[in-house]
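Residue numbers for the sequence shown follow the working numbering, so the first one is 30 and each next one is one higher. Structure record follows, encoded as structure tokens.
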Amino acid sequence: SHLMTLLGDPQFAYPVIHVTGTNGKTSTARMIESLLQAMGLRTGLVTSPHLHQVTERIRLNGAPISPATFVETYDELEPYLAIVDSESLSNGGPAMSYFEVLTGMAFAAFADAPVDVAVVEVGMGGTWDATNVVSPLVSVVTPIGLDHADYLGDTVELIATEKSGIIKAGSIAVLAYQDSIPAEVLLQRAALVDAMVARQGVEFSVRDRALAIGGQVLSLDGLNGTYDEILLPLFGAHQAANASVALAAVEAFFGGTLTLDIDAIREGFGAATSPGRLEVVRRSPTVIVDAAHNPHGAAVLASALEESFTFEQVIGVVSVMADKDVLGVLQALEPVMTDVVVTWNGAARAMPANELAEIANQVFGDDRVHVAPNLTSAIDRAIEMADAAGMNGVGIVVTGSVVTAAAGRAIMGRGNA
């Protein structure tokens, strides 16, 4: 906040939609961005982590910030960063973190652009997150579960309390469907600060959904009307739920009792993308990458796989960060994967392949577990296994971490490593 003051508080130069939660944040934030653009607004979007390049984290009008603008923005901020760091260090405090600097850059870039509205995804948590210097018009909370327990606390209640910090006085809280404990925490926070509340399943919902080629067709009950025949080019019930939250957030942003233009809503959802989220990166055999990195995300991936694809066999290629609930992730994947190739995605934080294999053996049984030293060899191995089984009806799913999904995309020629 000291940096923001020195910069003249750029985060107050535009209205903000703030997004937190455990899973679904990035997909929901990207759908909100896409809808706002279809409504004719100039948008800023900040998300994390990135898949391939850091510039993906700061988006202006639906595209990553250009490297030139990124460097320019950093150069403008550098003298102010030096002031903040020297003051903090002289008082025995820390220097600004990588995430804090990027957040400051995003807010400054949005003010310079300028944008009509900024969609801001929380990095981690809520109350103490660097993004929480904003004064949001709309505060969005996607489903809450256990993740980052070492930083945010090891109970869902503690995590929900931390995330509830983005609900501010004067904002409208748009709450995705929550389990009972987080729901209670969020409603208490909204009552405390006197924020209006819109709850999924009460004030807005997914009325109907049907499978379609390359995605699904939705009928959504919004806050101010029903929106039919929306083609969403993303897979899974969770993406329909995210779409419903995104629509409610945009309705709340425009306020009043306005039913939004159905053509713009259809256009916005039709243009929505969510790289690394149940993304098909190759055909014959079909290779899908997904960034699931906690048990809830893995369970969501498993159900979407069963619903949206007709594979007779699924070969998993899995690398998980060692600080995650590795056992929980593997248990969630086990029912939908015939075989699993465990590997190491190249990140220092990732669990070594042989350790991962020991846990996988407990969950899948030795005969279903294969080990490969790195992701490239693991994907090659999975493709060989698929070919040996006969092309049709075998799918390969590369998952376990955002890093795994990103590296899988790069190996398959999508995006740069």
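Glycine is no exception: its CB is placed at the ideal position from the N, C-alpha and C atoms. Quick caveat: nothing in here was measured; it's all calculated off a predicted structure.
Notebook entry, point to check: Using a Cβ-Cβ cut-off of 6 Å (strictly less than) and excluding sequence neighbours within five positions of MET350, which residues of its own chain qualify?
Noted result: Here the question's residue 350 lines up with position 321 in the sequence shown. The beta carbon of MET350 lies closer than 6 Å to those of ARG378, ALA379, SER430 in the same chain, with the five residues before and after it left out.
Check: Would DSSP call TYR109 helix, strand or coil?
Finding: As a working mapping, residue 109 is identified with position 80 in the sequence shown. Three-state result, TYR109: helix.
Checklist line | Option nearest ALA58 by Cα separation, candidates MET125, VAL226, SER168, ASN253 | finding: Your numbering for residue 58 matches position 29 in the sequence shown. With distances taken between Cα atoms, ALA58 lies closest to SER168.
Next item on the list: Have a look at the DSSP bridge pairing and note the partners of GLY345.
Entry: Your numbering for residue 345 matches position 316 in the sequence shown. Looking at the DSSP output, GLY345 sits in a beta bridge with VAL369, VAL426.
Checklist line | Contained alpha helix (DSSP H) runs [length at least 4] in the stretch 43-100, N- to C-terminal order | finding: The stretch 43-100 contains these whole alpha helix (DSSP H) runs: 54-67.
Checklist line | For TYR256, the residue or residues it bridges with in DSSP | finding: Translated into positions along the sequence shown, residue 256 becomes position 227. Note: TYR256 sits in a beta bridge opposite LEU249.
Notebook entry, point to check: Cβ of PRO93 within 8 Å of Cβ of THR102?
Noted result: In the sequence shown, residue 93 corresponds to position 64, counting from 1. In the sequence shown, residue 102 corresponds to position 73, counting from 1. No, Cβ-Cβ distance for PRO93 and THR102 is not below 8 Å.
Item checked: DSSP-derived helix/strand/coil call for ASP409 -> The residue given as residue 409 occupies position 380 in the sequence shown. The three-state reading of DSSP puts ASP409 in helix, counting H, G and I together.
Next item on the list: At 3 residues or longer, and completely inside the stretch 178-222: list those beta strand (DSSP E) runs for me, N to C.
Entry: Every unbroken stretch of the beta strand (DSSP E) spanning 3 or more residues and falling wholly within the stretch 178-222 is given here in chain order: 201-204.
Notebook entry, point to check: Is any heavy atom in the ligand MN found nearer than 7 Å to the beta carbon of HIS322?
Noted result: Summarising the ligand content, the structure contains no ligands, and the ligand MN is consequently not present.
Check: In terms of residues, what are the limits of the alpha helix (DSSP H) holding ALA389?
Finding: Along the sequence shown, one-based indexing puts residue 389 at 360. That run of the alpha helix (DSSP H) goes 382-393.
Check: Per DSSP, what kind of secondary structure is ASP158 in: helix, strand or coil?
Finding: In the sequence shown, counting from the first residue as 1, residue 158 sits at position 129. Of the three classes helix, strand and coil, the one that applies to ASP158 here is coil, per DSSP.
Check: Among VAL246, ALA159, THR98, THR433, which residue has its Cα nearest to the Cα of VAL318?
Finding: Within the sequence shown, numbered from 1, the residue matching residue 318 stands at position 289. Taking only the C-alpha atoms, the option nearest VAL318 is THR433.
Checklist line | Nonlocal neighbours in the same chain, by C-beta distance under 7 Å from GLY243, ignoring five residues either side | finding: Along the sequence shown, one-based indexing puts residue 243 at 214. Correct list, in chain order: PRO262.
Checklist line | Best match in LEU131, GLU62, GLU116 for proximity to GLN82 [C-alpha to C-alpha] | finding: Taking the sequence shown and counting its residues from 1, the one referred to as residue 82 is at position 53. Ranking LEU131, GLU62, GLU116 by Cα distance to GLN82 puts LEU131 first.
Next item on the list: Could you tell me which uninterrupted alpha helix (DSSP H) segments, each at least 4 residues in length, are contained entirely in the stretch 297-338, listed from first to last along the chain?
Entry: Those alpha helix (DSSP H) runs which fall completely within the stretch 297-338 and span 4+ residues are 324-337.
Notebook entry, point to check: Which first and last residues belong to the beta strand (DSSP E) in which SER234 is found?
Noted result: Here the question's residue 234 lines up with position 205 in the sequence shown. Note, SER234: beta strand (DSSP E), 234-241.
Note to self: Quick check: what's the CA-CA separation for ASN390 versus LEU276?
What the structure shows: Here residue 390 corresponds to residue number 361 of the sequence shown, with the count starting at 1. Here residue 276 corresponds to residue number 247 of the sequence shown, with the count starting at 1. Per the coordinates, the alpha-carbon of ASN390 lies some 43 Å from the alpha-carbon of LEU276.
Note to self: Quick check on DSSP: helix, strand or coil for LEU359?
What the structure shows: Indexing the sequence shown from 1 puts residue 359 at position 330. If DSSP states are grouped into helix, strand and coil, LEU359 belongs with the helices.
Check: Which residue comes first and which comes last in the alpha helix (DSSP H) that contains ALA270?
Finding: Within the sequence shown, residue 270 is the residue found at index 241, counting from 1. Residues 266-283.
Next item on the list: Compare the Cα-Cα distances from LEU36 to each of ALA67, ALA111, VAL48 and report the closest residue.
Entry: Along the sequence shown, one-based indexing puts residue 36 at 7. Among ALA67, ALA111, VAL48, the Cα nearest to that of LEU36 is on ALA111.
Next item on the list: Tell me, please, whether the stretch 151-171 touches the stretch 45-63 by the rule of three or more beta-carbon pairs shorter than 8 Å.
Entry: The stretch 151-171, when compared against the stretch 45-63, does touch it at the 8 Å Cβ threshold.
Next item on the list: Could you round the C-beta distance between ASP410 and VAL371 to whole angstroms and report it? I think they count as a contact, below 8 Å.
Entry: Looking up residue 410 in the sequence shown gives position 381. Looking up residue 371 in the sequence shown gives position 342. Note that residue 410 corresponds to Arg in the displayed sequence, not to Asp. The beta carbons of ARG410 and VAL371 sit about 11 Å from each other, so the pair does not count as a contact at 8 Å.
Check: Can you name the start and end residues of the alpha helix (DSSP H) that MET33 belongs to?
Finding: One-based indexing of the sequence shown puts residue 33 at position 4. According to the DSSP assignment, MET33 belongs to the alpha helix (DSSP H) that extends over 31-35.
Notebook entry, point to check: Is the beta carbon of GLN66 sitting closer than 8 Å to the one on GLY297?
Noted result: Within the sequence shown, residue 66 is the residue found at index 37, counting from 1. Within the sequence shown, residue 297 is the residue found at index 268, counting from 1. The answer is yes: Cβ separation under 8 Å.
Check: Relative to the alpha-carbon of LEU204, which residue among LEU32, ASN271, SER119, ASN253 has its alpha-carbon at the smallest distance?
Finding: Locating residue 204 in the sequence shown gives position 175, where the first residue counts as 1. Residue ASN271 is the option with its Cα nearest to LEU204.
Notebook entry, point to check: Looking at VAL185 and ASP471, is the spacing between their C-beta atoms short of 8 Å?
Noted result: Because the chain here runs from 30 to 446, residue 471 falls outside it and cannot be looked at.
Notebook entry, point to check: In whole angstroms, what separates the C-alpha of GLY154 from that of LYS192?
Noted result: Walking along the sequence shown from the start, residue 154 turns up at place 125. Walking along the sequence shown from the start, residue 192 turns up at place 163. Rounded to the nearest angstrom, the gap between the Cα atoms of GLY154 and LYS192 is 5 Å.
Check: What does a CB cutoff of less than 6 Å around GLY174 pick up in its chain, not counting 5 residues either side in sequence?
Finding: The residue you call residue 174 lines up with position 145 of the sequence shown. Around GLY174: THR51, HIS325.
Next item on the list: Tell me where the beta strand (DSSP E) around ALA147 begins and ends.
Entry: As a first step, residue 147 must be located in the sequence shown, where it is residue number 118. ALA147 -> beta strand (DSSP E) spans 146-150.
Checklist line | Reference ASP250, options SER337, ASP237, ALA241, closest by Cα | finding: What you label residue 250 is simply residue 221 of the sequence shown in a count that begins at 1. Restricting attention to SER337, ASP237, ALA241, the CA atom closest to the CA of ASP250 is found in ASP237.
Notebook entry, point to check: According to DSSP, is ALA124 helix, strand or coil?
Noted result: Taking the first residue of the sequence shown as 1, we reach residue 124 at position 95. Reduced to three states, the DSSP call for ALA124 is coil.
Item checked: Proximity winner among SER313, LYS54, ALA333, relative to LEU240 (alpha-carbon distances) -> Position 211 of the sequence shown holds residue 240. Of the listed residues, the one whose Cα sits closest to LEU240 is ALA333.
Next item on the list: Over the uninterrupted alpha helix (DSSP H) stretch that includes ALA439, give me the two end residues.
Entry: In the sequence shown, residue 439 corresponds to position 410, counting from 1. ALA439 -> alpha helix (DSSP H) spans 431-440.
Notebook entry, point to check: Less than 8 Å separating the beta-carbons of SER77 and PHE128?
Noted result: Residue mapping note: residue 77 aligns to position 48 of the sequence shown, counting from 1. Residue mapping note: residue 128 aligns to position 99 of the sequence shown, counting from 1. In this structure, the beta-carbon distance from SER77 to PHE128 falls below 8 Å.
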